[in-house]
Amino acid sequence: MFALADVNSFYASCESVFRPDLQGRPVVVLSNNDGCVIARNAEAKLLNIPMGAPYFKIRAQFERDKVAVFSSNYALYADMSTRVMTILEAMAPAVEIYSIDEAFLNLQGVSNCQDLEAFGHEVRAKVRQWTGLTVGVGIGPTKTLAKLANYAAKKWSQTGGVVDLSLMARQRKLMTLVDVAEVWGVGRRIAKKLNNLGINKALQLADAPTALIRKHFSVVLERTARELRGEPCLEMEEFAPTKQQIICSRSFGDRVSQYELMREAICSHAVRAAEKLRAEHQYCRYVSAFVKTSPFAENESYYGNTAGTKIQIPTQDSRDIVAAATTCLDAIWQDGHRFQKCGVMLGDFYSQGVAQLGLFDDYPPRPGSERLMAVLDTINHSGKGQVWFAGQGTQKSWEMKRQMLSPAYTTRFSDLLRVKL
DNA sequence: TCTGGGGTCCTAGGACCC
DNA sequence: TCTGGGGTCCTAGGACCC
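Going by UniProt numbering, 65 is the number at position 65 of the first sequence; the sequence numbering is gapless.
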């Protein structure tokens, strides 16, 4: 048996927890660069503020409706996430952290000691008491059914935020009510295709013949259908598998037309990517860079391009990765565009930095590379100062906008919440 | 003026091997 | 007139997730 616990309106709730004065007011959180709405609390949802709405288009309405608006504060959300996950891990035999705000719980054996619905309520109470955040809990014999139960727990308030789908009759009853588009693994495209086949409700997908599903879709949807029938196809993945790729990219605060600024940005993303790579204890052999103009800009022709390069020896050295990324940039740079975004991607990972050299290769590994990088990371994590590459620049005029950023309440001493008595 | 960032998995098709 | 069978690896593109 699985449970899915996820935090209601996670980002918006994190902001609200530290701002009791906002109680009852609509709260939204914007994407990076203050681009569009990515989280809304219940009050904001009541105002029909759509997910993904561009901020600049909806700003006037926000002012009229006294909506509290925040830039994304990932330092805060990541820390609050850790707190929630720690609580969940203490309550369940096994936990799979699925995203920043949700986790699957393996409930094997729990029903021997406790009613599962009561367990769900206990999880809610504890998370609320210890973090101020509210979770919804869905329970079912497969992950997909647990997800569906969670959806129901959030959609219908009379459930009290917990839905247990242990019983087949309850599963089927819920599935007659829920659109197939709400099922986990069914996105916009597949939903439309299913509708064309006359499959509109979740139950119809559950009952559809396997052959029909396989004829029109891939094995992925077949698994989804089986899971809806109560046949587990997906297991708990308690230990995060090693990453296959690392991407670091950002939109620019203002459009970039100057090569030097683009180079700084690419260089900075490459450095960040290399740090992530070392945190994964991996070495990479493929580096690529991309640039693009805004797809929304009218009267401007779109230009986007990407270039990749193979590195002879797997590396985790920032110097190699910066060099490779800037080489890629030079291959795709074009003057005369107003660029909106760029990024760096790493791939082809190895767990150690040794590879068989060709007979005539002369690319000896950099001596002392590991130790140098370790020193770099230690300094940059110490909180006492930063060292960086000259190529990253000092002004960073291209950096993203975060004009409504809240304090790092939980991760920076100077930002600690003050309570006046 | 202004529209996020970071991932995974699957499939089809081409290149290439014997 | 007739031109095999079986396989791997890689990449691009499409779908999905949060």
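Every residue, glycine too, gets a C-beta built ideally from N, C-alpha and C.
Under DSSP, the beta-bridge partners assigned to PHE2 are ASN106 and GLY140. Less than 7 Å divides the Cβ of SER249 from the Cβ of GLY343.
Scanning the region 1 to 68 from its first residue to its last, the whole beta strand (DSSP E) runs of 3-plus residues come out as 2 to 7, 27 to 30 and 37 to 40. Counting every other CB atom within 10 Å of its CB across the protein chains shown gives ARG263 a total of 16 or more, marking it as buried. Checking the DSSP bridge columns, you'll see LEU346 partnered with ILE246 and VAL287.
The C-alpha of ALA149 is placed about 11 Å away from the C-alpha of LEU228. Cβ atoms of PRO26 and ALA53 stay farther apart than 8 Å, at about 13 Å.
Straight through space, the alpha carbons of ARG285 and ILE311 are spaced by roughly 5 Å. Within a 10 Å sphere around the beta-carbon of VAL220 sit fewer than 16 other beta-carbons, which makes this residue exposed. For ARG226, the three-state secondary structure derived from DSSP is helix.
According to the DSSP secondary-structure assignment, GLU96 is paired through a beta bridge with PHE104. In this structure, the CA atom of ALA181 is about 20 Å from the CA atom of VAL137.
GLY120 and THR176 have their C-alpha atoms some 24 Å from each other.
Leaving aside the five residues that flank ALA273 on each side, the residues in its chain whose CB is nearer than 6 Å to its CB run, in chain order, ILE246, CYS248, VAL344 and LEU346. Taking every protein chain shown into account, the CB of THR411 has fewer than 16 other CB atoms within 10 angstroms, so this residue is exposed.
DSSP, read as helix, strand or coil, puts ILE199 in coil. Secondary structure note for GLY304: its beta strand (DSSP E) is the uninterrupted segment 304 to 315. Between LEU421 and TYR409, the C-beta gap is not smaller than 7 Å, which leaves the two residues out of contact. Going by DSSP, ASP377 is part of the alpha helix (DSSP H) stretching over 369 to 381.
Contact between the region 226 to 243 and the region 377 to 384 is absent, with fewer than three C-beta pairs closer than 8 Å.
Under the 8 Å Cβ criterion, the region 254 to 261 does not count as touching the region 161 to 175, having fewer than three qualifying pairs.
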